[in-house]
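2 protein chains.
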Amino acid sequence: MPTMSDVARAAGVSVMTVSNVLNGKPRVGAETRLRVLEVVDELGYEINLSARRLRSGRTGAIGLVVPRFDHPYFGDLAARLSSALASTGRHLAVEQSDASKEGELAALSLARLQTYDGVILSVVGLGYDDIDRIRPSFPVVLLGEQHMPPRFDQIHIDNITGARLATEHLLDRGARRIVMVGGGDEGHASMVTLRTRGWELAQQERGVPVDDAAVLPLDRFEMSSARIAVRALLARDPSIDAFFAITDQVAMGVLAGIHDAGLRVPDDVQVVGFDNLALGEFTMPGLTTIDPSNAWIVENAVAALDRRIADRDSAPQHLVSPVHLVERGTSRASRAAPSP
Amino acid sequence: MPTMSDVARAAGVSVMTVSNVLNGKPRVGAETRLRVLEVVDELGYEINLSARRLRSGRTGAIGLVVPRFDHPYFGDLAARLSSALASTGRHLAVEQSDASKEGELAALSLARLQTYDGVILSVVGLGYDDIDRIRPSFPVVLLGEQHMPPRFDQIHIDNITGARLATEHLLDRGARRIVMVGGGDEGHASMVTLRTRGWELAQQERGVPVDDAAVLPLDRFEMSSARIAVRALLARDPSIDAFFAITDQVAMGVLAGIHDAGLRVPDDVQVVGFDNLALGEFTMPGLTTIDPSNAWIVENAVAALDRRIADRDSAPQHLVSPVHLVERGTSRASRAAPSP
DNA sequence: TCACTGGGGTATAACGATAAACCTCAGCCG
DNA sequence: CGGCTGAGGTTTATCGTTATACCCCAGTGA
Numbered sequence: 003m004p005t006m007s008d009v010a011r012a013a014g015v016s017v018m019t020v021s022n023v024l025n026g027k028p029r030v031g032a033e034t035r036l037r038v039l040e041v042v043d044e045l046g047y048e049i050n051l052s053a054r055r056l057r058s059g060r061t062g063a064i065g066l067v068v069p070r071f072d073h074p075y076f077g078d079l080a081a082r083l084s085s086a087l088a089s090t091g092r093h094l095a096v097e098q099s100d101a102s103k104e105g106e107l108a109a110l111s112l113a114r115l116q117t118y119d120g121v122i123l124s125v126v127g128l129g130y131d132d133i134d135r136i137r138p139s140f141p142v143v144l145l146g147e148q149h150m151p152p153r154f155d156q157i158h159i160d161n162i163t164g165a166r167l168a169t170e171h172l173l174d175r176g177a178r179r180i181v182m183v184g185g186g187d188e189g190h191a192s193m194v195t196l197r198t199r200g201w202e203l204a205q206q207e208r209g210v211p212v213d214d215a216a217v218l219p220l221d222r223f224e225m226s227s228a229r230i231a232v233r234a235l236l237a238r239d240p241s242i243d244a245f246f247a248i249t250d251q252v253a254m255g256v257l258a259g260i261h262d263a264g265l266r267v268p269d270d271v272q273v274v275g276f277d278n279l280a281l282g283e284f285t286m287p288g289l290t291t292i293d294p295s296n297a298w299i300v301e302n303a304v305a306a307l308d309r310r311i312a313d314r315d316s317a318p319q320h321l322v323s324p325v326h327l328v329e330r331g332t333s334r335a336s337r338a339a340p341s342p
Numbered sequence: 003m004p005t006m007s008d009v010a011r012a013a014g015v016s017v018m019t020v021s022n023v024l025n026g027k028p029r030v031g032a033e034t035r036l037r038v039l040e041v042v043d044e045l046g047y048e049i050n051l052s053a054r055r056l057r058s059g060r061t062g063a064i065g066l067v068v069p070r071f072d073h074p075y076f077g078d079l080a081a082r083l084s085s086a087l088a089s090t091g092r093h094l095a096v097e098q099s100d101a102s103k104e105g106e107l108a109a110l111s112l113a114r115l116q117t118y119d120g121v122i123l124s125v126v127g128l129g130y131d132d133i134d135r136i137r138p139s140f141p142v143v144l145l146g147e148q149h150m151p152p153r154f155d156q157i158h159i160d161n162i163t164g165a166r167l168a169t170e171h172l173l174d175r176g177a178r179r180i181v182m183v184g185g186g187d188e189g190h191a192s193m194v195t196l197r198t199r200g201w202e203l204a205q206q207e208r209g210v211p212v213d214d215a216a217v218l219p220l221d222r223f224e225m226s227s228a229r230i231a232v233r234a235l236l237a238r239d240p241s242i243d244a245f246f247a248i249t250d251q252v253a254m255g256v257l258a259g260i261h262d263a264g265l266r267v268p269d270d271v272q273v274v275g276f277d278n279l280a281l282g283e284f285t286m287p288g289l290t291t292i293d294p295s296n297a298w299i300v301e302n303a304v305a306a307l308d309r310r311i312a313d314r315d316s317a318p319q320h321l322v323s324p325v326h327l328v329e330r331g332t333s334r335a336s337r338a339a340p341s342p
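Protein chains in written order, with the numbering used here: chain A, 3 to 342; chain B, 3 to 342.
This is the structure we're talking about:
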């Protein structure tokens, strides 16, 4: 495997000149540059990124740490990020944080973060303390939750507003018994707590009594858990006329559960999700959902990371992404009269 | 940011002793070991993986290169691989190969592969020559296609058999006009070509005339392309009674297209997909599909990679993963009589 | 007493790249 | 003709680890 000094020797120049050519530094004559590039090509030389990073601290790689690889929301996020970075000559590597109890901390270890020039960290499911352990000097942008160490740049999804929009929409469409699937109160400002809070607020504002029993907690935000829970719930309580699902993936399970119970969407029961996955356009009927503005999130996350890489001491930015409702077929098309 | 020599100084030992402690080498006394570990903890020292890799060639990181982050099939693969590797103390980073024209080659560049101890490469959509450029000495396992440079370890999905099973199943269930969505002949043994071949073979074997016009090519294997194409096709040709979709994702689009056309599944039209995504359990009705045995693939890919990392000269292995049919609701439950 | 062994450690030289300082010479000015 | 300048390079000193060789000393057997 050829090194820079192999190239230098073959081209009859010093190693430093090869490095300068490869990095586009100015102090090299035109024909020397050409000769070096020829030799590089001929030997099939490629730079050793570990060595470069050791000496210069740059690799051109950005890391994205997500809770799970197999959740479509993160796939979408990763794809967008990858495109955004590619246009500036960098690339993205994605790692998973919650594969195992031990793996969680390992993914956040400095050793692993260090291999990147900067890291975007989706903190869903991670604790305040886990994050707090990250060395402040390392460029990190946090994505998702509210209550995180303020010293980091952060981009929050407006969970409360999103959940409120969803719930208000269901109320507008005549729903009166709205179950919050995957909801709960985790004691801190987590996604679960905040979306549940938004669901409560919307009902309070409309003067609809909030029924704590209408929160359907879920141990995992998977389609199958949601399906089973919803099917069981509908069998017990036929008065339910709507579900607000904490994520679109959960909403998929909810739809299946409703179908299992022999009910129709949106005539018997309405459903709203959260995430605006591409998938939601292809359910039958299409899934009404909250769009968390992933494009906006990615754009601002990259900008924040670039700022921090350029200046590690700049003041941390806390941004909130806009959310909006996407109406499709799982909620009713027109305003329904308030229940009798 | 503390280095090994900071630790050594604070513990009153040599750098080498710190290294030996951290790597579990035997030549260290019990109390020295303890003292070093204490100091490591106190200073919050973490190893620099770039330096380690530069010197020793090991990082404990395995790479997975996939065509796209946002395809659920690869999310599933990545999640499985991650678990499999975590149990042996390594971890997975996922990169994307086809973000852009330039990005494609960059992802396969030695520079990037090099940052991993080994790489698993999903070659769907990559050309023979792209792969052929990879330095043979680097540990790589290829996933997916048939026609790849034989010097690499490879795990093939049995595309022909899978497509044959799908098509035979549709024929068994009474289908006579089966459209191959996303099919075509790319001139080499690609996923598209092979699955189309399986679809042809099944029909030939059953004495059903193969209609080339029944191949519906797709520029991108996305739900929306499939939906539009299928809707248009059904409007033109009402005699179609089944679709074999090249992937489950395409199948989702097909189902939506059929719905758009006002037809019912499986009564009017039957559908079979390929990939056995988790999603397929949650469509209404559930998606009949081909299971490519991802668990088997991952298990064998890791084993092959480990073999190659241990011995770079071992003979390349070519394995074929078993496939089987998963029957759900988009195909009819019982054997139908042959068409009149 | 002496060579020998092995446990516990240290000193030194890389791994491959780059930052920073330095060198060399042609051209030009005063 | 001496000194200055700037283009085009080169030399040197690292970055943080680890492989390798080596050292020291207590205990052992002859």
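Using N, Cα and C, we set each Cβ at its ideal position, and we do this for glycine too.
Using a Cβ-Cβ cut-off of 8 Å (strictly less than) and excluding sequence neighbours within five positions of residue i, which residues of its own chain qualify?
i	result
MET150(A)	VAL125, TYR130, ILE133, LEU144 and GLN156
GLY189(B)	THR195
MET225(B)	GLN251, VAL252, MET254, GLY255 and ALA258
TYR75(A)	THR249, ASP250, GLN251, ASP277 and LEU279
List the endpoints of the continuous alpha helix (DSSP H) containing residue i.
i	result
ASP250(B)	250-262
SER21(B)	17-24
HIS171(A)	161-174
ILE299(A)	296-312
LEU321(B)	Element bounds for LEU321(B): not the alpha helix (DSSP H) but the beta strand (DSSP E), 320-323.
ILE49(A)	Run containing ILE49(A): none; DSSP gives neither H nor E here.
Any beta carbon of chain A sitting closer than 8 Å to that of residue i?
i	result
MET6(B)	no
ASP119(B)	no
ASP72(B)	yes
GLY77(B)	yes
HIS326(B)	no
Under DSSP, the beta strand (DSSP E) around residue i begins and ends at which residues?
i	result
GLY127(B)	Counting along the chain, GLY127(B) falls outside any beta strand (DSSP E), and DSSP gives it neither H nor E.
VAL67(A)	63-68
PHE246(A)	244-247
ALA95(B)	93-98
VAL328(B)	326-328
Leaving out five residues before and five after residue i in sequence, what residues of the same chain have Cβ atoms less than 6 Å from its Cβ?
i	result
ALA258(B)	ARG229
VAL304(A)	ALA86
GLU283(A)	none
Contact criterion: CB-CB distance below 8 Å. Does residue i meet it with respect to chain B?
i	result
MET50(A)	One detail in the question is off: residue 50(A) reads as Asn in this sequence, not Met. Yes, ASN50(A) counts as interfacial toward chain B.
HIS93(A)	yes
PHE223(A)	no
PRO342(A)	The predicted model places PRO342(A) with a pLDDT of 41, which falls under 50 and marks its position as unreliable; any figure quoted below should be read in that light. Not one chain B Cβ lies under 8 Å of PRO342(A).
ALA338(A)	With a pLDDT of 47 at ALA338(A), under the threshold of 50, the modelled position of that residue is not reliable, and the figure given next carries that caveat. Chain B, which has no Cβ nearer than 8 Å to the Cβ of ALA338(A), makes this no.
Less than 8 Å between the CB atoms is what I'm expecting for residue i and residue j, so what's the real figure, rounded?
i	j	result
ASP163(A)	TRP201(A)	Per the sequence presented here, residue 163(A) reads as Thr, with Asp not at that position. The pair is not a contact, with the Cβ atoms about 12 Å apart (cut-off 8 Å).
ASP140(A)	LEU110(A)	At residue 140(A) the sequence reads Phe, which differs from the Asp that was named. Actually they are not in contact, since the Cβ atoms of PHE140(A) and LEU110(A) sit about 10 Å apart, beyond 8 Å.
THR332(B)	GLY288(B)	7 Å
ALA80(B)	HIS93(A)	Contact flag wrong, Cβ pair sits at about 17 Å.
GLY146(A)	MET182(A)	Rounded, the Cβ-Cβ distance is 19 Å, inconsistent with contact.
ASN302(A)	LEU327(A)	Contact flag wrong, Cβ pair sits at about 21 Å.
Measuring straight from C-alpha to C-alpha, what distance separates residue i and residue j?
i	j	result
HIS158(B)	VAL273(B)	24 Å
ALA335(A)	THR291(A)	14 Å
HIS171(A)	ASP277(A)	16 Å
THR19(B)	VAL42(B)	12 Å
LEU39(A)	ASN22(A)	11 Å
ALA63(B)	ILE299(A)	28 Å
GLU207(B)	ALA88(B)	45 Å
ARG179(B)	ALA204(B)	13 Å
MET286(A)	ALA297(B)	30 Å
LEU375(B)	ASP269(B)	Only positions 3 to 342 of chain B appear in the structure, and residue 375(B) is not among them; the question remains open.
PRO342(B)	ALA216(B)	Because PRO342(B) carries a pLDDT of 41, less than 50, the predicted location of this residue cannot be relied on, and no value is offered for it.
ILE49(A)	ARG153(B)	24 Å
ARG233(A)	ARG166(B)	36 Å
ASP262(A)	ALA247(A)	17 Å
THR5(B)	ILE311(A)	21 Å
Short of 7 Å in beta carbon distance, which residues of its chain neighbour residue i, apart from the five on each side in sequence? Order them along the chain.
i	result
GLY209(A)	none
VAL271(A)	ILE242, ASP243, ALA244, PHE245, ILE260 and LEU265
ARG29(A)	ASN22
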